[in-house]
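Those sequence lines, one after another, are chains A and B.
FYI, this note's numbering numbers position 193 of the first sequence as 193, with every residue one higher than the one before it.
FYI, this note's numbering numbers position 475 of the second sequence as 475, with every residue one higher than the one before it.
Yeah, the Cβ is synthetic: ideal placement off N, Cα and C, and Gly gets one too.
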Amino acid sequence: MNNSLILSYITFVYFGSFVFYLLMMVMGKGFFGKIATGICVAGLAGHTFAIALRWIESYRLGIGHAPFSNLYESLIFFSFTVILLYLIVEWRTKNRTLGVFVTPLASLAMAYASFSPNISSHIQPLLPALKSNWLITHVITCFFGYAAFGLSFAISIMYLLKRLDRGPERGIFLKLIPDTGILDDLNHQMVVIGFLMLTLGIITGSVWAHSAWGTYWSWDPKETWSLITWLIYAAVLHSRLVRGWHGKKIAILCMVGFCCVLFTYFGVNYLAGLHSYGKA
Amino acid sequence: MNFRKDNMSPSESHRKPNLVWHFFSSVRLTIVLLIILAIVSIAGTLIPQREEALAFSQHLAPGTLKVFITLDLFDLYHSLWFRLLIGMLALNLIICSINRFPAIWKRISTTPRPDRLKPFQDLPSEQCFVTIVPREKVITSVEQHFRKRYKYFQSRESDGSYFIYGERGRLTHFGFYLIHLSILIIIIGAILGSIFGFEAFVNIQEGETINSATRTDSRGPVPLGFDVRCDSFSVHFYKNGTPKEYRSKLTFLENGKVILNANALVNHPVRFRGITFYQASYGSVAGNRVTLKIRKSATDPKTAPLLKMQLGESSPLPGAKAHFKVDEIRNNFMNMGPAVLIRVQPDQGEPTSFWIFRDQEDIQRRFPGLEKRFRKLNPSAFKPFTFVLDHIETRYYTGLQVNKDPGVFLVWTGCFLMVAGFFVAFFMSHRRIWIRISMEKGGTTVSIAGHSSKNPVGLQRELTQLTRSLEEHVSRKGLKA
Numbered sequence: 001m002n003n004s005l006i007l008s009y010i011t012f013v014y015f016g017s018f019v020f021y022l023l024m025m026v027m028g029k030g031f032f033g034k035i036a037t038g039i040c041v042a043g044l045a046g047h048t049f050a051i052a053l054r055w056i057e058s059y060r061l062g063i064g065h066a067p068f069s070n071l072y073e074s075l076i077f078f079s080f081t082v083i084l085l086y087l088i089v090e091w092r093t094k095n096r097t098l099g100v101f102v103t104p105l106a107s108l109a110m111a112y113a114s115f116s117p118n119i120s121s122h123i124q125p126l127l128p129a130l131k132s133n134w135l136i137t138h139v140i141t142c143f144f145g146y147a148a149f150g151l152s153f154a155i156s157i158m159y160l161l162k163r164l165d166r167g168p169e170r171g172i173f174l175k176l177i178p179d180t181g182i183l184d185d186l187n188h189q190m191v192v193i194g195f196l197m198l199t200l201g202i203i204t205g206s207v208w209a210h211s212a213w214g215t216y217w218s219w220d221p222k223e224t225w226s227l228i229t230w231l232i233y234a235a236v237l238h239s240r241l242v243r244g245w246h247g248k249k250i251a252i253l254c255m256v257g258f259c260c261v262l263f264t265y266f267g268v269n270y271l272a273g274l275h276s277y278g279k280a
Numbered sequence: 001m002n003f004r005k006d007n008m009s010p011s012e013s014h015r016k017p018n019l020v021w022h023f024f025s026s027v028r029l030t031i032v033l034l035i036i037l038a039i040v041s042i043a044g045t046l047i048p049q050r051e052e053a054l055a056f057s058q059h060l061a062p063g064t065l066k067v068f069i070t071l072d073l074f075d076l077y078h079s080l081w082f083r084l085l086i087g088m089l090a091l092n093l094i095i096c097s098i099n100r101f102p103a104i105w106k107r108i109s110t111t112p113r114p115d116r117l118k119p120f121q122d123l124p125s126e127q128c129f130v131t132i133v134p135r136e137k138v139i140t141s142v143e144q145h146f147r148k149r150y151k152y153f154q155s156r157e158s159d160g161s162y163f164i165y166g167e168r169g170r171l172t173h174f175g176f177y178l179i180h181l182s183i184l185i186i187i188i189g190a191i192l193g194s195i196f197g198f199e200a201f202v203n204i205q206e207g208e209t210i211n212s213a214t215r216t217d218s219r220g221p222v223p224l225g226f227d228v229r230c231d232s233f234s235v236h237f238y239k240n241g242t243p244k245e246y247r248s249k250l251t252f253l254e255n256g257k258v259i260l261n262a263n264a265l266v267n268h269p270v271r272f273r274g275i276t277f278y279q280a281s282y283g284s285v286a287g288n289r290v291t292l293k294i295r296k297s298a299t300d301p302k303t304a305p306l307l308k309m310q311l312g313e314s315s316p317l318p319g320a321k322a323h324f325k326v327d328e329i330r331n332n333f334m335n336m337g338p339a340v341l342i343r344v345q346p347d348q349g350e351p352t353s354f355w356i357f358r359d360q361e362d363i364q365r366r367f368p369g370l371e372k373r374f375r376k377l378n379p380s381a382f383k384p385f386t387f388v389l390d391h392i393e394t395r396y397y398t399g400l401q402v403n404k405d406p407g408v409f410l411v412w413t414g415c416f417l418m419v420a421g422f423f424v425a426f427f428m429s430h431r432r433i434w435i436r437i438s439m440e441k442g443g444t445t446v447s448i449a450g451h452s453s454k455n456p457v458g459l460q461r462e463l464t465q466l467t468r469s470l471e472e473h474v475s476r477k478g479l480k481a
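Right under this line is the structure:
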């Protein structure tokens, strides 16, 4: 069975999981949440299988490489990391409400990869510049960073929603969202993980650039935007750890940060540069 | 959290009335600088920089252009004011670190009294246990077990109870210093690179040798101090035509002696005497050899034999009283592809020169009658012969980027320290543990309390675990006796 066909089905699996998370939030029945998690885990298993299949497939074509080489493969991997990280958080916090905000993100990324006419799902051979052991490390660290920032974005939205929850008449949806203090802590943890991963991603990227192009930093738009993202989250961490900012301000800064992440990921393809694989 | 603004006590700011110092010691400045740097960097990705700036600048009004040039907006990341911003951030970082040092030093160098009672208030039940083992035995076995895990161990008898204090991870308070130090090291590495290093490029034809390269910032050539020869260049393609591998075989020589043979590939540069050679581009130029055919007439159906000719070499024209030679070889003549200039010198009379193209048939289709109009482009100009160009030997040249960056080692050191600093600052904590052993409830009661600089959940888990393992240890030792 074709890996990209499986992956396009996974889009709907994640969407289904979203529907059950939503049912749980609206009806207030934990039973739906369990179903949603089950679907999500099944989706992740299928997702992992399809990525492995794609990897093996590329070797069968004689151009074997890790499936991280173009926009299609990166979107697939992004959604994989988001779901994986989310399930870890769900398991650690024993709380499912974040799911309703995260699964649509993963499902959207999968849908964009699978159904956009501009994105080819063919396995393409690696250009000489991408042939490096750093490819895997660089991509994995960057995308776990992106995923952690994505979760931080979702948590920030939850935080701002929860602030509306005053009094009993606001409905069960808001009531189920954890308290703002818990969200604030969780958000901080996600920012720390994301920041560490982004730092590692930038470092591995510059080590790689050093061996491929001769400079560890060339102010290429992608590099610059990753630095911008890094600066924004550095500001978030300083304002929290030193200035003692909490809550709403941090939530808004995190949302700005995630916009930078998205621009680093997609927007940069509209500016020329070394990473412009979006045109492929 | 580690650094809070309350670390700066009023007395401290009194002691340092210097305004500049005060300005640079504020974390608000750090946040503002980080955000300004982010915004300026965004501008730099929107305004075309360096090579791309020329086309863009033509669309600007003269006044605007002047502003752009004065502010160095076309080379923003290398402009003086951008460097000043980074310099301010570095200064801010140094001064903040110095300013906060006394408070942190105080925090880590003072060991609290072991017999404090406050930590034991509202102690949850899973952090105590009662045992029938006699008190003295409990003390020895608790101390023995506890000492293995915690440093700065102290104990004291007070008010009929025995207190033990231990802690771990004092130095984790310096995690943030490690991160900040790493940033300074990276900045120093970058400065070193830009002062003592260079970026240059060089094209070497197969078989040729060079001893200097051209600087990318067009400040002239840079001598290498040794010779580099390109023995060969090759490019391989995938089946669908995308390039798979570029490879230059290079030989490095000093005073004519071969020191090193190495292959430069993309992602696999060659380093020699502190200078690194990267495979960056390639191209081809015409070589000295061509193969051609000479037909006896324009309609000669038979395939004539292939003749190998060298540039400038004269050869008798078979079946005619004349000699011919190849006068010039071009890889792409008048945008019509590979061509050579043939010069036929009859034994008597004037010579005839004309160009012949490798893609003659294609050119005839595109420009019918061309050879009739221009004698110089007619392969049958020397009657009755028709010259046909079969092949031009092409020679590749390899395009190498040639860099020297003595700061790169510092940059990697900084990167490593930064990651190490992250782990220390965010994932390790300073933990202090108090243990009280007292006689209560008809047995020996052991209570365990603790404090952590961060991660209260982790501390809770550790305390519960510690209580369980101490209880086990105490009862095992007690039963043996």
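- In the structure shown, B/N203 adopts extended strand secondary structure according to DSSP, grouped into three states.
- Three or more Cβ pairs closer than 8 Å define a contact, and the stretch 249-259 of chain B falls short of that threshold against the stretch 198-207 of chain A.
- Runs of beta strand (DSSP E) with 3 or more residues, each lying fully within the stretch 164-249 of chain B, are found at 198-205, 209-215, 221-237, listed in chain order.
- Cβ neighbours of A/G150 within its own chain (closer than 7 Å, five residues either side excluded): V82, L105, F258.
- When C-beta distances to chain B are compared with 8 Å, the residues of the stretch 221-233 of chain A below that value are P221, T224, W225, L227, I228, L231, I232, in chain order.
- For a cut-off of 8 Å, the C-beta gap from A/L75 to A/A109 is around 5 Å, short enough to register as a contact.
- When B/R432, B/D405, B/V411 are compared, the shortest CA-CA separation from B/I195 is found for B/D405.
- The beta-carbon distance between B/T445 and B/S438, rounded to whole angstroms, is 5 Å. This is short enough to meet the 8 Å contact definition.
- Each residue's CA atom was taken as its position, placing B/F146 and A/F18 some 49 Å apart.
- The stretch 468-480 of chain B makes contact with the stretch 134-141 of chain B: 3 or more CB pairs, one atom from each, lie closer than 8 Å.
- Within the stretch 126-139 of chain A, contact with chain B at the beta-carbon level (separation under 7 Å) is assigned to L127, P128, A129, K131, S132.
- Legend: CB atoms of the stretch 266-296 of chain B lying less than 9 Å from CB atoms of chain A belong to residues V266, N267, H268, P269, T276, F277, Y278, Q279, A280.
- Just so you know, the alpha carbons of B/Y397 and B/H236 end up roughly 15 Å apart.
- Between B/W81 and B/S41, the alpha-carbon positions lie close to 12 Å from each other.
- Of B/S26, B/T394, B/G169, B/G241, the smallest CA-CA separation from B/A286 is found for B/T394.
- In the structure shown, A/R243 adopts coil according to DSSP, grouped into three states.
- In this structure, B/D115 places its C-beta atom within 7 Å of the C-beta atom of B/S158.
- In the three-state reduction of the DSSP assignment, A/Q124 falls in the coil class, being assigned neither a helical nor a strand state.
- For A/A147, the closest Cβ of chain B is not nearer than 7 Å.
- In chain order, T224, L227, I228 make up the part of chain A whose C-beta sits under 7 Å from the C-beta of B/S41.
- Bridge pairing for B/G443: B/E440 [DSSP].
- If you draw a straight line from the Cα of B/F333 to the Cα of B/F357, it is about 8 Å long.
- By the rule that beta-carbons nearer than 7 Å mark a contact, B/Q345 does not touch chain A.
- Those residues of the stretch 54-67 of chain A placed with their C-beta closer than 9 Å to a C-beta in chain B are G62, I63, ordered along the chain.
- With respect to the 7 Å criterion, A/A66 and B/N267 are not classified as neighbours on the basis of their beta carbons.
- Residue pairing by DSSP places B/I342 opposite B/V326, B/F354 in a beta bridge.
- Counting the other CB atoms within 10 Å of its CB gives B/R436 a total of 16 or more, which places it among the buried residues.
- In chain order, L307, M309, H323, F324, K325 place their CB closer than 8 Å to the CB of B/S315, counting only its own chain and leaving out the 5 sequence neighbours on each side.
- Put simply, the CB of B/N332 is far from chain A, with every gap to its CB atoms at 7 Å or more.
- In the DSSP annotation of this structure, the continuous segment of the alpha helix (DSSP H) that includes A/K162 starts and ends at 134-162.
- For B/E313, the three-state secondary structure derived from DSSP is coil.
- Per DSSP, B/S281 is one residue of the beta strand (DSSP E) stretching across 275-295.
- Identification of chain A residues near B/F426 by a Cβ-Cβ cut-off of 8 Å yields V192, L196, ordered along the chain.
- Minimum Cα-Cα distance from B/L370 among the listed residues B/Q401, B/F382, B/W355, B/L76 corresponds to B/W355.
- Listed in chain order, the non-local C-beta contacts of B/D327 below 6 Å within the same chain comprise L341, R343, local neighbours out to five positions each way being set aside.
- For A/H47, not one C-beta of chain B is nearer than 7 Å to its own C-beta.
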